[in-house]
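First the structure, in the form of structure tokens, and then the observations on it.
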Amino acid sequence: MSIEQVSKSSVLIAGAGIGGLAMALSLLRRGIDCDVLEQASELREVGAGLWISMNGVRVLRDLGLTEQVEQNCIAAERRSIRLWNTGDRWPLYNRSSDAARNQPYLLLRAHLLKILVDGVRQLKPGAIHLNAHVVGFSQNGEGVRAKLADSSEVEGRALIGADGAHSKVRLGLIGKIESQYTKTIAWRGLVPVDRLAPHQREPEVATWIGPTAHVTAYPVRWQNTVMMTFSGQVDHDDWLLESWSESGSVEECLKDFEGWHPDIVDLVKNVDTLNKWGLFVRPSLASWSKGRVTLLGDACHSMLPYLGQGVNMALEDASVLARCLDENPNDVAAVFEAYQSLRLDRTSKVVKSAAGMLPIFHNKALCKPETAGDYIKTQWSSEATSARYDWIYRYDATTIPLHSADEHNWSGQ
Ligand SMILES: Cc1cc2nc3c(=O)[nH]c(=O)nc-3n(C[C@H](O)[C@H](O)[C@H](O)COP(=O)(O)OP(=O)(O)OC[C@H]3O[C@@H](n4cnc5c(N)ncnc54)[C@H](O)[C@@H]3O)c2cc1C
């Protein structure tokens, strides 16, 4: 279906990232027509792993994707904290002892994107429009017009900006918001496991923590093999572009991990794809809906990656918003207000908590093994870990009540 044939009663979604596609699939499964406008000329993802925690897993299950997603996942046997230089290990949990609480899906971003694209196209083959770069919009009581970079316009009954951290829909809705460099950069890479020693191939999620950097590494399935995915955050005064796809050099990355355990050095030396990016923050928004236009995912609450919650929050948004629209399909403006009030507190709190993790991961106490042990035992005790993560993982976007917002604590605590 060409973009000229989009029905005026369609819900327009700007952005075919994981948030926009989850939104489209949630709507189409409810029989609500929608179209996705994506700026790129093809749908592709940079190589990186993704951690979908229980709150996101519930949404994917509700979308009917359990089988497809699980086929592409590796079940981690345990999660551990490791010390940057000695490699000493503190187990956080293992699959058999605490299986019910923590069973994240670990998979490649590209796999989840493809599963969502296939799901959307199965229900509406022409729903995703490529080369459709939204640059602005107008709206009235009847509907919206999304303006595209080629000067064409697409009419629909509502517009959802799922167009990421640099959202043009947000710009039109709220105006320019300055982002601030956090003096931290991130590396991420994929390493074929056959290049690693047997002890480095174990199905473990390991977070290595040090005084000025931390690394999370876990295995993901890739075609018929397994890759180790890692993301390493490093304190850095240098300013970098806020982009996820800058390529970086192995030499540069090794410099950032000087003095680290040989297992980390090996990961970097054997990497197949390596990207780096600067980590930025934006002030939380007080609102993100106006009339027939709203936002979801990174467009309204981009966050630092320290809790692994960006995609999970986008999935939750999509689920709650689709449920709200399903319940009251005729009053879009009221639905968008209701959706915002259901999501604002929780997402703001997750954004804040993610930022608060930096001094916990990067801490001077980790310089020396003598002080590191006590620090890790305190900061990563089962009580501290539960207090930090349980309220995030417990939330169920597919069942939370949509009414009486004032009577509940929507942050999930
Ligand atoms: C290294 C790293 C690791 C991460 N790991 C995790 C993790 O393990 N778990 C987790 O939950 N989160 C993780 N995140 C965060 C997560 O990737 C983001 O929060 C998530 O991708 C946001 O999804 P989104 O759909 O809102 O936006 P995006 O993924 O940014 O998608 C936006 C889409 O909109 C398109 N677009 C942009 N502008 C326009 C426009 N004007 N018109 C039309 N289309 C447009 C883009 O091309 C893109 O397709 C990680 C992030 C990073 C950087």
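The numbering of the sequence shown is numbering that gives the first Met the number 0, which starts it at 0 and goes up by one.
For each residue, glycine too, the CB sits at the ideal point set by N, CA and C.
Please go through the same chain and pick out, in chain order, the residues whose beta-carbon is closer than 7 Å to the beta-carbon of residue i, but skip the five residues on each side of it.
i, result
"Asp-389", "none"
"Asp-162", "Ala-13, Gly-14, Val-133, Val-168, Ala-298"
"Met-302", "Gln-308, Gly-309, Val-349, Val-350, Ala-353"
"Ile-263", "Trp-207, Val-214, Phe-256"
"Glu-44", "Arg-108, Ala-109, Leu-112"
"Gln-138", "Gly-290, Arg-291, Val-292"
Can you give me the C-alpha to C-alpha distance between residue i and residue j, rounded to a whole angstrom?
i, j, result
"Glu-37", "Leu-294", "15 Å"
"Ala-353", "Phe-360", "11 Å"
"Ser-340", "Asn-269", "46 Å"
"Leu-129", "Val-116", "12 Å"
"Leu-189", "Arg-200", "13 Å"
"Gly-309", "Ala-75", "21 Å"
"Tyr-394", "Ile-31", "25 Å"
"Trp-409", "Arg-342", "Low local confidence applies: a pLDDT of 43 at Trp-409 is under 50, so the model's placement there is unreliable, with the coordinate-based value given in what follows. Each residue's alpha carbon lies about 7 Å from the other."
"Ile-127", "Asp-34", "6 Å"
"Arg-416", "Gly-19", "Shown here, the chain extends from 0 to 412; a query on residue 416 therefore has no answer."
"Lys-275", "Arg-28", "37 Å"
"Gly-279", "Pro-103", "The question names Gly, but residue 279 is Phe in the sequence shown. Those two C-alpha atoms are separated by around 26 Å."
"Arg-108", "Val-319", "22 Å"
"Trp-89", "Val-350", "27 Å"
"Leu-112", "Gly-86", "34 Å"
"Lys-376", "Val-331", "50 Å"
"Pro-438", "Ile-17", "Because the chain here runs from 0 to 412, residue 438 falls outside it and cannot be looked at."
"Leu-62", "Met-22", "10 Å"
"Asp-265", "Ser-286", "45 Å"
"Arg-120", "Lys-289", "29 Å"
"Leu-91", "Ala-205", "10 Å"
"Thr-384", "Asn-329", "43 Å"
"Asp-255", "Ala-321", "43 Å"
"Met-227", "Val-214", "12 Å"
"Trp-83", "Ile-208", "5 Å"
"Met-356", "Gly-48", "20 Å"
"Glu-141", "Lys-123", "24 Å"
"Val-5", "Glu-66", "31 Å"
"Gly-277", "Thr-181", "8 Å"
Under 8 Å by Cβ, that's how I've got residue i and residue j pegged, so tell me the actual separation to the nearest angstrom.
i, j, result
"Glu-177", "Lys-7", "Actually they are not in contact, since the Cβ atoms of Glu-177 and Lys-7 sit about 36 Å apart, beyond 8 Å."
"Gly-55", "Asn-311", "4 Å"
"Pro-304", "Ala-185", "7 Å"
"Leu-11", "Val-134", "About 14 Å separates the two Cβ atoms, so there is no contact after all."
"Val-267", "Val-249", "6 Å"
"Ala-317", "Gly-160", "Ala-317 to Gly-160, Cβ: 13 Å. No contact."
"Leu-401", "Ala-337", "7 Å"
Report yes if the C-beta of residue i is less than 7 Å from at least one heavy atom of ligand 1; otherwise report no.
i, result
"Gln-222", "no"
"Ala-13", "yes"
"Leu-36", "yes"
"Leu-303", "no"
"Leu-49", "yes"
"Lys-113", "no"
"Ser-340", "no"
"Ser-230", "yes"
"Asn-311", "yes"
"Val-292", "no"
"Gly-247", "no"
"Lys-167", "yes"
"Val-204", "no"
"Asp-395", "no"
"His-132", "yes"
"Arg-78", "no"
"Gly-500", "Given a span of 0 to 412 for the chain in the structure shown, any question on residue 500 remains unanswerable."
"Arg-57", "no"
"Gly-163", "yes"
"Arg-281", "no"
"Gly-277", "no"
"Ile-173", "no"
"Gly-18", "yes"
"Asp-330", "no"
"Ala-216", "no"
"Ala-298", "yes"
Please work out which residues of its chain come closer than 6 Å, Cβ to Cβ, to residue i, disregarding the five sequence neighbours upstream and downstream, and give them in chain order.
i, result
"Val-334", "Cys-323, Leu-324, Asn-327"
"Arg-220", "Asn-71, Ile-73"
"Gln-412", "For Gln-412, the predicted structure reports a pLDDT of 43, less than 50, and the residue's modelled location is therefore unreliable. A value from the coordinates is still provided. For Gln-412, where only same-chain residues beyond five positions count, the Cβ hits under 6 Å are Trp-390."
"Leu-59", "Val-68"
"Pro-210", "Lys-363, Leu-365, Cys-366"
"Leu-314", "Ala-21, Gly-55, Val-58"
"His-110", "Asn-71"
"Ala-164", "Asp-297, Ser-301"
Going by beta carbon distance, what residues of the same chain come within less than 8 Å of residue i, once the five residues before and after it are set aside?
i, result
"Thr-224", "Pro-191, Val-192, Asp-193"
Would you say the beta carbon of residue i comes nearer than 7 Å to a heavy atom of ligand 3?
i, result
"Asp-255", "The ligand content of the structure shown is limited to ligand 1, which means ligand 3 is not among them."
Check whether chain D comes within 8 Å of residue i, counting only Cβ atoms and requiring the distance to be less than that.
i, result
"Arg-187", "Looking for chain D here will not work: only one protein chain is present."
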